[in-house]
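Protein chains in written order, with this note's numbering: chain A, 17 to 641; chain B, 1254 to 1455. First up is the structure itself, then whatever we jot down about it.
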Ligand code: SF4
Ligand code: SF4
Ligand code: SF4
Ligand code: SF4
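Right, here's the structure in full:
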């Protein structure tokens, strides 16, 4: 059979080089495993297998000859809708639990002296004000305590009212849409629990009502859990400001102790970065013959620290194994989400230590150094020391670091955008109204081994900027763009003439890095502010979304809350829904009537760009601009 | 002679082979696109339940001489000399069902295929994935089967595998610790299934 080449697996030169090295070193990677899985189960891909009770698993015959119902009588529509609802619930749970951890860190700092000082008092006051918490003549700590309580309450209150964060951040028009559709999230955790309840055997069977609850659950993520994560992280670690950093495997340095921090929660990674600057540990590294300690990021953790400190980022999801294959990584420190358990096996071929740190994520075969907020500094130092002491174990013969890396301008929090534009979004809005910027597309998340690494991200971005559409985005998309040089202001030369002019005037790239996947909330906040200024609903704006290499359940939740926020959203990979025409119709058509947004699925990024651009033009026409 | 050998003791009844077969014989050869095609491609391998909830993936054995070829009145069934496959020339098939009567394994089914324009059912049996074989690939069902139930290769080599396990069994001393061919948990699962299936008969 024809070999699946490195060039077909990734468009990125550094990754291709490491794929070839992995082959030479006899290391199994994500692509080898995908190949062994082919062809994947058709029932699973179509979403028509139900395992929700022990009378199952039940499968619906997609050919129409065999069973049309599960043992209990559930048909394909019910089974597909339930499967989708559970995916949304899992995604919302992951984001929101992350959000909770940040609130807990602040709580620990306030109540028990955990070493997390409030870095951004301005943001703290701004968030408090938005939530209606008094800030005049009050002690910062008191304000912070009230804020923590509001957040805790959104995770735990039992009334039927909309959660406070969504209520305070979303505009009236959007909230009215949610109220009418009955999809206002009442409690971030409760919606996840109710999703599990509804999808239990013998409860909710109507695809429409299941999907509506999916929407409600996802809104608890986007305008709840994720938003809380972003806001509290900004308060604790600083709101990102426009800065420069470097991206790709080339940021790993030959003569340094290399620590890759990988996962999602900055509560840990911020401390590792501090510890890696500790004089004693740097001295120790020198004693072992290294020039110093080089901490680099990976996946969303990487984006968090890139956004806040300009810390170099070594790669996105499909590059995590590749980083170890360089043979130059002393330790990869992981917490939660998107971390391949295979890292432990890859690391066995080199000297790299995989260190798991989260109490909820243990990797068999890894070194377990579990994190505890109250002892954060001490534990971070222990982790860094472990990495430093591993430096002498490097095998020089197995070391090969790709040269490729690119500079990237990032740090576009909503606050940073406002700062850059002179405390108002008016310049951006004027450019949209005048048509210099036709519209804005938010691209999010993920690589997926089924898609040529970064190909969809880069192609879709290029196609859209050519059409004078400004791109904002987060997650693995952002890392892909950073690696490709798209986040450089000079990349604007590849944009359409009028977008180019706007970018050159403002000195910004044609695509803006807004952060990690929980930072998709920043995009919602931006969309909301524009909608308020123009006095329309978000669904009236020339906006669209895309998850073009979608992989995780989190991406399903993000896509759903985008749609539920009134945003037409493209998926470049196919979620397990095609087994039910009814579910597909609800997601791609009926959703427009209910929440003003809907999904569309198109694996070809060039074709997808055309649909998104046409949609934006239609929206402009409807607005009369 | 290359053949698809079946090791039925390994089949878990997942029907993955069935779907892969249907995809392979669809116009688009794509799972997602397949269901919107005018003519829905259907599996040519049949995983059906036998005794004790056990399953057997039944497909054309590409016999030689082939009873179906012998009885077909229009000469619609032919042998491909290169691969030894027994294949149907759809246009010539008159759907008389003689082949199905003659086939000792009952694997022939009638249906429509995008490959001919006529609007009637014809013998759409397993074609041994002849197109894939000519590209150097194994049949779709074999590629899909993740349990090693369907294995493609030289017939005698595969039979030898079976023979070796028999020889091992016969010669191993009763107290020697045997390498299990079927993992213990699967054996347990089968035993429980057997109990289930008997219990439900009362
Ligand atoms: S809930 Fe219904 S469809 Fe699902 S496994 Fe149980 S019986 Fe089957
Ligand atoms: S259809 Fe039946 S008789 Fe004909 S070759 Fe196949 S197994 Fe043999
Ligand atoms: S060999 Fe090909 S045609 Fe025959 S059963 Fe297998 S997949 Fe189907
Ligand atoms: S794919 Fe293999 S295990 Fe599954 S039903 Fe077919 S033959 Fe049996």
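We put the CB at the ideal spot given by N, CA and C, even for glycine. Just so we're clear, the structure is a prediction, and the values are computed from it rather than from any experiment.
Quick check on residue 440(A): does DSSP put it in helix, strand or coil?
Stepping through the first chain from its first residue, residue 440(A) is reached at position 424. DSSP places residue 440(A) in coil when its eight states are reduced to three.
With respect to 7 angstroms, is the separation between the Cβ of residue 1314(B) and the closest non-hydrogen atom of ligand 2 below this value?
The residue labelled residue 1314(B) in the question sits at position 61 within the second chain. Result yes, Cβ under 7 angstroms from ligand 2.
Assigned secondary structure, residue 1231(B) (DSSP; H/G/I helix, E/B strand, else coil):
Residue 1231(B) lies beyond the stretch modelled for chain B, which goes from 1254 to 1455, so this question has no answer here.
Ligand 4 heavy atoms versus the CB of residue 1440(B): any closer than 7 angstroms?
Your numbering for residue 1440(B) matches position 187 in the second chain. Outside the cutoff, so no.
Just to confirm the assignment, what range does the alpha helix (DSSP H) spanning residue 491(A) have?
By one-based count along the first chain, residue 491(A) stands at place 475. Annotation for residue 491(A): the continuous alpha helix (DSSP H) segment containing it runs 491-500.
Closest Cβ-Cβ distance between residue 316(A) and chain B: below 8 angstroms?
Reading the first chain from its first residue, position 300 is the one you call residue 316(A). No, because no Cβ of chain B sits closer than 8 angstroms to the Cβ of residue 316(A).
Mind pulling the beta strand (DSSP E) runs of 3 or more residues that sit fully within the region 1313-1365 of chain B?
List check, beta strand (DSSP E) in window: 1330-1332 and 1339-1341.
Going along chain B, which residues have a C-beta under 8 angstroms from residue 57(A)?
Here residue 57(A) refers to the residue found at position 41 when the first chain is read from its first residue. Within 8 angstroms Cβ-Cβ: 1267, 1269 and 1272.
Looking at residue 1300(B) and ligand 4, is the gap between the Cβ and the nearest heavy atom below 7 angstroms?
By 1-based counting over the second chain, the position of residue 1300(B) is 47. Because some heavy atom of ligand 4 lies under 7 angstroms away, the Cβ of residue 1300(B) counts as near it: yes.
Sequence-distant residues of its chain with Cβ nearer than 7 angstroms to residue 395(A) (five each side left out):
Here the question's residue 395(A) lines up with position 379 in the first chain. Once the five neighbours on either side are set aside, the close Cβ partners of residue 395(A) are 385, 387 and 388.
Less than 8 angstroms separating the beta-carbons of residue 1265(B) and residue 1296(B)?
Numbered from 1 along the second chain, position 12 holds the residue referred to as residue 1265(B). Numbered from 1 along the second chain, position 43 holds the residue referred to as residue 1296(B). Going by C-beta atoms, residue 1265(B) is not nearer than 8 angstroms to residue 1296(B).
Would you say residue 1363(B) faces chain A, with C-beta separation under 8 angstroms as the test?
To locate residue 1363(B), count along the second chain from 1; it is residue 110. With 8 angstroms as the cut-off, residue 1363(B) does not count as an interface residue toward chain A.
When 1364(B), 1293(B), 1294(B) and 1381(B) are compared against residue 1331(B), the one with the closest alpha-carbon:
Your numbering for residue 1331(B) matches position 78 in the second chain. The candidate whose alpha carbon is nearest that of residue 1331(B) is 1381(B).
Beta carbon of residue 1341(B) nearer than 8 angstroms to that of residue 1329(B)
Sequence index remark: in the second chain, residue 1341(B) carries index 88 (1-based). Sequence index remark: in the second chain, residue 1329(B) carries index 76 (1-based). Yes, the Cβ-Cβ distance between residue 1341(B) and residue 1329(B) is below 8 angstroms.
Give the straight-line distance between the Cα atoms of residue 1407(B) and residue 1256(B), rounded to the nearest whole angstrom.
Position 154 of the second chain holds residue 1407(B). Position 3 of the second chain holds residue 1256(B). The straight-line gap from Cα to Cα measures roughly 6 angstroms.
Applying a beta-carbon distance threshold of less than 8 angstroms, which residues of chain A neighbour residue 1358(B)?
As a first step, residue 1358(B) must be located in the second chain, where it is residue number 105. Simply none; closest approach about 20 angstroms.
Anything in the region 1271-1300 of chain B with a Cβ closer than 8 angstroms to a Cβ of chain A? List those residues in chain order, please.
Cβ proximity to chain A below 8 angstroms picks out 1272, 1273, 1275, 1276, 1284, 1285, 1288, 1293, 1295 and 1296 from the region 1271-1300 of chain B.
Return no unless some Cβ of chain A is closer than 8 angstroms to the Cβ of residue 1438(B).
Position 185 of the second chain holds residue 1438(B). Taking Cβ atoms only, chain A never reaches closer than 8 angstroms to residue 1438(B), which makes this a no.
Could you check whether the region 203-216 of chain A touches the region 79-86 of chain A, counting it as contact only if at least three pairs of C-beta atoms, one from each stretch, sit closer than 8 angstroms?
no
Any Cβ of chain B within less than 8 angstroms of the Cβ of residue 79(A)?
Translated into positions along the first chain, residue 79(A) becomes position 63. Yes, its Cβ sits closer than 8 angstroms to a Cβ of chain B.
Please list the partners that residue 1368(B) has in chain A, where partner means a Cβ-to-Cβ separation under 8 angstroms.
In the second chain, counting from the first residue as 1, residue 1368(B) sits at position 115. Correct list: empty, because the minimum Cβ distance to chain A is about 18 angstroms.
Determine the chain A residues that contact residue 1396(B) at a beta-carbon separation under 9 angstroms, and present them in chain order.
Here residue 1396(B) is taken as the residue at index 143 of the second chain, counted from 1. Neighbours of residue 1396(B) on chain A, chain order: 54 and 55.
Indicate whether at least one CB of chain B lies closer than 8 angstroms to the CB of residue 600(A).
Stepping through the first chain from its first residue, residue 600(A) is reached at position 584. It does not: the Cβ of residue 600(A) has no partner Cβ on chain B nearer than 8 angstroms.
Show which residues of chain B have a CB atom less than 7 angstroms away from the CB atom of residue 61(A).
Within the first chain, residue 61(A) is the residue found at index 45, counting from 1. Within chain B, the residues near residue 61(A) are 1284.
Quick check: what's the CA-CA separation for residue 190(A) versus residue 576(A)?
Taking the first chain and counting its residues from 1, one reaches residue 190(A) at position 174. Taking the first chain and counting its residues from 1, one reaches residue 576(A) at position 560. Computed Cα separation, rounded: 15 angstroms.
Assigned exposure category for residue 463(A) - 16 Cβ within 10 Å defines buried:
Taking the first residue of the first chain as position 1, residue 463(A) is located at position 447. The residue is buried, with at least 16 neighbouring Cβ atoms inside 10 Å.
Taking residue 41(A) as the reference, give the member of 416(A), 223(A) and 23(A) with the closest Cα.
Position 25 of the first chain holds residue 41(A). Closest by C-alpha distance to residue 41(A), out of 416(A), 223(A) and 23(A), is 416(A).
So residue 594(A) contacts chain B; which residues on that side make the cut at Cβ distance below 9 angstroms?
Here residue 594(A) refers to the residue found at position 578 when the first chain is read from its first residue. Residue 594(A) reaches chain B at 1284, 1285 and 1288, counting residues in chain order whose Cβ is nearer than 9 angstroms.
Given 7 angstroms as the limit, tell me if residue 95(A) has its C-beta closer than that to any heavy atom belonging to ligand 1.
Walking along the first chain from the start, residue 95(A) turns up at place 79. Result yes, Cβ under 7 angstroms from ligand 1.
Residue 1403(B): CB within 7 angstroms of a non-hydrogen atom of ligand 4
Here residue 1403(B) refers to the residue found at position 150 of the second chain. True, at least one ligand heavy atom lies under 7 angstroms from that Cβ.
Would you please state the rounded distance, in angstroms, between the beta carbons of residue 1360(B) and residue 1313(B)? I believe it to be under 8 angstroms.
In the second chain, the residue the question calls residue 1360(B) occupies position 107. In the second chain, the residue the question calls residue 1313(B) occupies position 60. Right, their Cβ atoms sit about 5 angstroms apart.
Mapping the DSSP letters down to three states, classify residue 58(A) as helix, strand or coil.
The residue labelled residue 58(A) in the question sits at position 42 within the first chain. Residue 58(A) falls in the helix class under three-state DSSP.
Coarse secondary structure for residue 1455(B), derived from DSSP in three states:
As a first step, residue 1455(B) must be located in the second chain, where it is residue number 202. Below a pLDDT of 50, predicted positions are generally treated as unreliable, and residue 1455(B), at 44, falls in that range; no measurement from the model is reported.
Decide if the region 42-62 of chain A is in contact with the region 503-523 of chain A; the criterion is three or more beta carbon pairs, one per stretch, under 8 angstroms apart.
no
Is the Cβ-Cβ distance between residue 400(A) and residue 373(A) less than 8 angstroms?
For the purposes of this step, residue 400(A) is identified with residue 384 of the first chain, where counting begins at 1. For the purposes of this step, residue 373(A) is identified with residue 357 of the first chain, where counting begins at 1. No, the pair does not count as a contact, with Cβ atoms beyond the cut-off.
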